[in-house]
Amino acid sequence: MKVLAATNNAGKLKELRRILERMDHTVVSPKELGLTLDPDETGATFAENARIKAEAFCQASGLPTVADDSGLCVEALGGAPGVYSARYCGCHGDDPANNRKLLETMANVPEGARGAKFVSAVCVLLPGGACHIFLGECPGRIGFAEQGTNGFGYDPLFIPDRVGLPDGSTAPNAQGRSYAQLADGEKDAISHRGRAMAAMAEALPQILAGA
Ligand code: ITT
43 MKVLAATNNA GKLKELRRIL ERMDHTVVSP KELGLTLDPD ETGATFAENA RIKAEAFCQA
103 SGLPTVADDS GLCVEALGGA PGVYSARYCG CHGDDPANNR KLLETMANVP EGARGAKFVS
163 AVCVLLPGGA CHIFLGECPG RIGFAEQGTN GFGYDPLFIP DRVGLPDGST APNAQGRSYA
223 QLADGEKDAI SHRGRAMAAM AEALPQILAG A
């Protein structure tokens, strides 16, 4: 199926594209369609924001659309930055500034209290159809310094509890590697987005059958 990956975040687009292409879908980006939409993310939850994005991009493109709203929920910060993850530092999408602020805020939080989870809500919307939301979570902790150069966003600071193995199973993250130190497949098998997209893939035949 030809599907629009409804995101303006280049790092997220790369992941959505590789996961969807692995599922044999053809992916187009807003940029490739000349779409410059940036809908206001006014929802109180990841699911609401994913829906806002999917509806705006689906309406503008007329294509089956997949949107992701995601973020980092840190236990010691009462679940922050959560839905405000992209604008944690005060302006939208400044990854280095977001990471600096998180490190500074967590500077005095001891090893055992640095638990966190990444959350993704993926919304699938077929033109004229209903929204379908799939949630994925990845538990882990916040590191004391940035590690690794792969990926995007908070990847260098997030240490997942488990990592993916080539056979599709998972193993404990014994070396304490960050998301940014994982190969694509190691991250996608355990990541919040990978899990939400796997749930989507499982439900898609039924969604398409009902369309
Ligand atoms: P779109 O809304 O256009 O998709 P965005 O960057 O605004 O792009 P979100 O509102 O969903 O996306 O914000 C997600 C924030 O969480 C953003 O700061 C990302 O960098 C970060 N984030 C999400 N998934 C991540 C991942 O897998 N690794 C690192 N950071 C991630």
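Sequential numbering from 43 applies to the sequence shown in the numbering used here.
All C-beta atoms in this analysis are idealised placements derived from N, C-alpha and C, irrespective of residue type, glycine included.
Contact annotation: residue 75 and residue 103 have beta-carbon atoms nearer than 8 Å. Rounded to whole angstroms, residue 160 and residue 253 show a C-alpha spacing of 31 Å. Residue 179 is bridged by DSSP to 161. Taken from the Cβ of residue 233, at least one heavy atom of ligand 1 lies inside 7 Å.
Of the heavy atoms belonging to ligand 1, none sits nearer than 7 Å to the Cβ of residue 192. In the three-state reduction of the DSSP assignment, residue 220 falls in the coil class. Secondary-structure assignment with DSSP links residue 204 through a beta bridge to 214. For the pair residue 199 and residue 218, the CB atoms are not nearer than the 8 Å cut-off. DSSP places residue 233 outside both helix and strand once states are collapsed to three, so it counts as coil.
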